Amino acid sequence: MENMTSYIKEFIGREKSRDYYPELISGLAALNKEYHAFNVINDRLEAKNSFPFSTKANICVKGFETNAGSKMLEGYVPPFNATVVEKLLRHGNFSFLGVTNMDEFGFGTFGTHTEVPARNAFDKEYAAGGSSSGAAVATALLKYHVAVAESTGGSIAAPAALNGVVGFTPTYGAVSRYGLIDYANSLDKIGVMARSGEDAKAAFDIIKGRDDYDTTCAIGKINNNRKKKLFVVKELIEKTDPKIRSAFERLLDKFSDDYEVKEISVGILGNSLAPYYIIAMAEASTNLAKYNGYKYGLQYGELNKRYNEFFTEARVNFGTEAKRRIILGTFIRSESVKEKYYTKALMIRRLIIKEMDKVLRDGYIISPTLPIPTPKISDVEKLTPMQNYAMDIFTIPPNLGGFPHITFPYEYLNGMPIGAQLVAEQANDYALLDFVSEWEKGFEYKYKHNLGSI
Amino acid sequence: MEDREFERLLKITRLKLTQAEKERIKADVDEIIKHFDSIDSIDTEEKPAYQPIDVPTRLRKDDVIPFSDVEALKKPSKLHNGYILGPKL
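Protein chains in written order, with the numbering used here: chain H, 944 to 1397; chain S, 1188 to 1276.
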């Protein structure tokens, strides 16, 4: 395709002053005091002609604190690189810029479940989205940068939408998870955020592919099967805030010349929250069992205590949402109720995959990314956990089924960006990335900051 | 959820909660389980999908691959005569 926006190509092709990187780092450090996008900024960034990338704080980078937003992993400095980091560094055109903020272990839709939440890049009073909060804010602050992020149930899509950037979640198993601090292994996917579809594609092309260190990284060929139909799922769209719904109708009108837009009914998708959270919490509770105050990160130190006492006292450092999910996940896996909740949720997952697959063979599923306009941080704090989980209504179905999806900004409501989400069949990732590159030709991205402009 | 069951879960997950945390989390847990119970109404005979994609069994050759960075693994731990110290069993 012609006329695509590639900040990567633009950056690499331009002369930069010797002071470019030092100025970038000091500017970013100052801005970060306001937005808290980064947990760690790499001030050793080498002054060479390479494009900065960041990693979410649950993706291991050798020598940099990777704590998954949790006090339980405070001080954990990995002795190795995640495969995605290794691939970007070996490529030669990319330099590591820093570690980005996130909800503790990925548990959140708005970025508020961590000690110092990231702030929305358009207005600091508003939520950044989560759980890859810092990745999205960083992408919206920096002109030349891509973020490597991770999604379990919507953790790339939600923050990308709220900060007006492209958020791409690949097919499950297209990108290696080696070096990822797992939340829920059968749901976690590493993906990218960028300021254009083309840059997301360029980064995805480098990080995708089989890996001997991750047997679930089993997707081989990635396709580009363009579709001409856009499906809107009735059971999901009817739960949307009226302001978002009318903006979304305006978007559909724009697509109606080139695509057949059709509302369809897929009843089971209206019930996807419960099976998703059952599976996610069951897996999370097993993953979090290993954090005990002496093996990784936090060093509790009271080694004269007995094992259970030591373990229990050290685990006080989990945040409330983590504790809630550990308790629920452990309950769900109890012998007496395992069939009722966990096994049944896995059966429903297969049903959802089959139903979505039927639809996606024929076209894309399109929806708003979030059902509400960007909330203020103070309003998010008032939500109950169930109200919070309900915000994932659009992002959960593709995440539960391992389907690739992309979010892109399409309008600015009272100055805040809103995003739409497009879902494709498994391994049809390129079709989504090209769809967004096409869309961008008639859309003007807006940013409050363009740090690092040349 | 009965209080006894909640206490059992705290014990096996090795979580110690303050009274305020207990009240808050217990109420949340009850609300969330009520929502989880909604899956009872979904009738399906599908096989459980443990993964969203088919993951073929791939085994690497049973070769010894040297690992040289042992020092890095020891880093955060307290050591005594080359052993990693932990709490008493």
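The beta-carbon is built from N, C-alpha and C at its ideal position, and this holds for glycine as well. For clarity, every value in this text was computed on a predicted model and none was experimentally measured.
The segment 1283-1303 of chain H in contact with the segment 1224-1236 of chain S per 3-pair CB rule at 8 angstroms: yes
Chain-ordered chain S contacts of P1316(H) [CB-CB under 9 angstroms]: Neighbours of P1316(H) on chain S: none; closest Cβ ~24 angstroms, over 9 angstroms.
Under 9 angstroms between C-beta atoms of I1207(H) and K1233(H): no
Segments assigned alpha helix (DSSP H), at least 4 residues, entirely inside the segment 1176-1204 of chain H: 1177-1180, 1185-1198
Residue range of the unbroken alpha helix (DSSP H) whose run includes A1225(H): 1216-1230
Residue from K1391(H), V1209(H), N1251(H), G1344(H) with nearest C-alpha to T1112(H): G1344(H)
Partner residues on chain S for F1254(H), Cβ-Cβ distance less than 8 angstroms: Simply R1201, P1274.
Straight-line Cα distance separating L1204(S) from F996(H): 39 angstroms
Whether S1398(H) touches Y950(H) by CB criterion (9 angstroms): With chain H running from 944 to 1397 in the structure shown, residue 1398(H) is simply not present.
Own chain residues within Cβ distance below 8 angstroms of Y1285(H), not counting five before or after: I1221, I1222, A1225, I1275, R1276
Residue range of the alpha helix (DSSP H) that includes G970(H): 963-978 is the span of the alpha helix (DSSP H), which, as asked, contains G970(H).
Cβ shell of R1304(H) (< 7 angstroms), same chain only, five flanking positions each side left out: E1368
E1141(H) - containing alpha helix (DSSP H), residue span: Per DSSP, the unbroken alpha helix (DSSP H) holding E1141(H) starts and ends at 1140-1150.
Close Cβ partners of I1320(H) (< 7 angstroms) along its chain, the five nearest in sequence each way excluded: If we look at I1320(H) and ignore the five residues flanking it on each side, its Cβ neighbours are T1055, P1060, E1068, Y1069, A1070.
Nonlocal neighbours in the same chain, by C-beta distance under 6 angstroms from I1271(S), ignoring five residues either side: The residues are S1264.
DSSP-derived helix/strand/coil call for L1289(H): helix
Chain H contact residues for E1208(S), given Cβ-Cβ distances below 9 angstroms: Under the 9 angstroms cutoff, chain H gives T1263, K1266.
Short CB-CB distance (under 9 angstroms) between V1216(S) and chain H: yes
Contact with chain S by S1129(H), beta-carbon distance below 9 angstroms: yes
Rounded Cβ spacing between A1064(H) and L1040(H) (contact assumed at less than 8 angstroms): A1064(H) to L1040(H), Cβ: 16 angstroms. No contact.
Chain S contact residues for G1344(H), given Cβ-Cβ distances below 8 angstroms: The contacting residues are P1239.
Burial state of D1184(H) (16 or more Cβ within 10 Å): exposed
Where L1271(H) sits in the DSSP three-state scheme: Of the three classes helix, strand and coil, the one that applies to L1271(H) here is helix, per DSSP.
CB-CB length for I1269(H) against L1202(S), believed under 8 angstroms: Here I1269(H) really is in contact with L1202(S); their C-beta atoms are around 6 angstroms apart, less than 8 angstroms.
Contact the segment 1215-1229 of chain S vs the segment 1096-1110 of chain H: 3+ CB pairs below 8 angstroms: no
Inter-residue spacing [alpha-carbon to alpha-carbon] between E1141(H) and G1107(H): If you draw a straight line from the Cα of E1141(H) to the Cα of G1107(H), it comes to about 16 angstroms.
Test: D1227(S) CB closer than 9 angstroms to a CB of chain H: yes
Spatially closest choice to E1383(H) from S1228(H), K1197(H), P1341(H), by CA coordinates: Nearest option by C-alpha distance: K1197(H).
Bridge partners - V1091(H), DSSP secondary structure assignment: As a beta-bridge residue in DSSP terms, V1091(H) pairs with T998(H), V1135(H).
Boundaries (first-last residue) of the beta strand (DSSP E) holding D1366(H): According to the sequence shown, residue 1366(H) is Val rather than Asp. Here the beta strand (DSSP E) through V1366(H) covers 1359-1366.
Residues that I1221(H) contacts on chain S, provided the C-beta gap is smaller than 9 angstroms: Neighbours of I1221(H) on chain S, chain order: F1223, I1226.
Per-residue DSSP class, three states only, for Y1355(H): strand
Separation of R1247(S) from L1032(H), as counted between CA atoms: Distance between the alpha carbons of L1032(H) and R1247(S): 25 angstroms.
Backbone secondary structure at P1311(H) - three-state DSSP: strand
Segment contact, 8 angstroms Cβ cut-off, at least three pairs: the segment 1253-1261 of chain H with the segment 1145-1162 of chain H: no
T1043(H): first and last residue of the uninterrupted beta strand (DSSP E) it sits in: 1037-1043
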